[in-house]
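Undergrad: The sequence shown begins at 386 in my numbering and counts up by one.
Once you've had a glance at the structure underneath, I'll fire off some questions.
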Amino acid sequence: MSIEVSQLTRFFGQAPAVHQLDMSVPSGAVTGLVGPNGAGKTTLLLMLAALLAPDHGTIRVAGLDPVTQPREVHRAVGWMPDAFGTWDSLTCTEILLTFAAAQGMDADAAHPRAVEMLSLVHLEEMARTPARVLSRGQKQRLGLARALIHAPKVLLLDEPVTGLDPIMTGELYHIFKDCIEKYGVTVIMVSHDIRGTLGQANRILHLSGGTQQFFGTTEEYLRSPVGQRFAG
Numbered sequence: 386m387s388i389e390v391s392q393l394t395r396f397f398g399q400a401p402a403v404h405q406l407d408m409s410v411p412s413g414a415v416t417g418l419v420g421p422n423g424a425g426k427t428t429l430l431l432m433l434a435a436l437l438a439p440d441h442g443t444i445r446v447a448g449l450d451p452v453t454q455p456r457e458v459h460r461a462v463g464w465m466p467d468a469f470g471t472w473d474s475l476t477c478t479e480i481l482l483t484f485a486a487a488q489g490m491d492a493d494a495a496h497p498r499a500v501e502m503l504s505l506v507h508l509e510e511m512a513r514t515p516a517r518v519l520s521r522g523q524k525q526r527l528g529l530a531r532a533l534i535h536a537p538k539v540l541l542l543d544e545p546v547t548g549l550d551p552i553m554t555g556e557l558y559h560i561f562k563d564c565i566e567k568y569g570v571t572v573i574m575v576s577h578d579i580r581g582t583l584g585q586a587n588r589i590l591h592l593s594g595g596t597q598q599f600f601g602t603t604e605e606y607l608r609s610p611v612g613q614r615f616a617g
């Protein structure tokens with residue numbers, strides 16, 4: 386299994402953001418993480434990415450423990466947050482090379498990898514363009530390239546299509562599909578675009594109030610009571 390979670394719990398004050406969650410995700414699977422606002426989705430991603438420690442339970446990401454091996458997990462995981470934050474004066478290439486260096490990549494390997502990633506997300510013509518002039522959709526694509534620069538085994542996407550129009554959303558989903566097929570990464574994707582998520586994912590984890598309401602294949606989810614209520 387690429388991701389294994391057992392009895393995972395995280396409190397904020399007295400309220401559990403994630404409560405006794407169990408989940409096993411095989412390598413190469415695409416899991417849609419859905420549920421209402423405040424369901425615990427981003428909290429779960431932060432724990433998987435070794436950016437937030439659990440209060441109870443265990444996690445393994447690509448065989449690694451985020452609590453005791455955070456640096457190794459950072460190298461194994463590609464993290465795409467819901468907002469693109471970077472140095473606006475740097476070019477797209479410079480941003481990718483900066484993150485490649487932060488991940489310990491050799492400079493000789495980083496540059497061709499950056500070229501490859503910009504081509505993957507259809508930004509090769511923007512290689513020398515400062516990030517400040519990119520549209521939101523272009524920034525989201527650059528964020529995906531940045532998450533993939535170090536060839537991670539697991540890709541965590543937090544609201545990747547928020548704020549995009551339908552055309553840009555469809556384009557980004559197409560890029561996600563190309564990326565998954567080419568590199569075989571395991572993907573956990575949070576999105577309020579439930580129809581788009583169902584079209585991308587082969588399994589669904591539904592959270593509400595930090596508690597697992599459903600975990601199974603997309604087809605099973607659509608037949609389940611919670612899937613029929615949430616997805617219509």
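Virtual Cβ for every residue (Gly too), placed ideally from N, Cα, C.
Within the stretch 497-569, note down every full beta strand (DSSP E) run reaching 3 residues or more, in order along the chain.
TA: Taking only runs of at least 3 residues, the beta strand (DSSP E) segments lying wholly in the stretch 497-569 are 539-543.
Undergrad: Does DSSP put L592 in a helix, a strand or coil?
TA: In this structure, L592 counts as strand in the three-state DSSP scheme.
Undergrad: Which residues bound the beta strand (DSSP E) around V446?
TA: 441-446 is the extent of the beta strand (DSSP E) around V446.
Undergrad: My guess is that L549 and G522 are in contact by the Cβ rule of under 8 angstroms, so how many angstroms apart are they, rounded?
TA: Yes, they are in contact, since the Cβ atoms of L549 and G522 sit about 5 angstroms apart, within 8 angstroms.
Undergrad: Just to confirm my understanding: we take D578, look at its own chain, exclude 5 residues before and 5 after, and list those with CB closer than 6 angstroms. What are they?
TA: Contacts found: V546.
Undergrad: Contact between the stretch 410-423 and the stretch 449-463 is defined here as three or more beta-carbon pairs at a separation below 8 angstroms; is this criterion met?
TA: The stretch 410-423 is not in contact with the stretch 449-463.
Undergrad: From what residue to what residue does the alpha helix (DSSP H) around H404 run?
TA: No alpha helix (DSSP H) holds H404; the beta strand (DSSP E) holding it covers 400-410.
Undergrad: At the level of alpha carbons, what is the spacing between K567 and F561?
TA: Cα-Cα distance, rounded: 10 angstroms.
Undergrad: The alpha helix (DSSP H) that contains G423, what's its start and end?
TA: From DSSP, G423 is part of no alpha helix (DSSP H); its letter is neither H nor E.
Undergrad: In or out: L418 buried (at least 16 other Cβ within 10 Å) or exposed?
TA: Classification of L418: buried, given that the 10 Å Cβ count is 16 or more.
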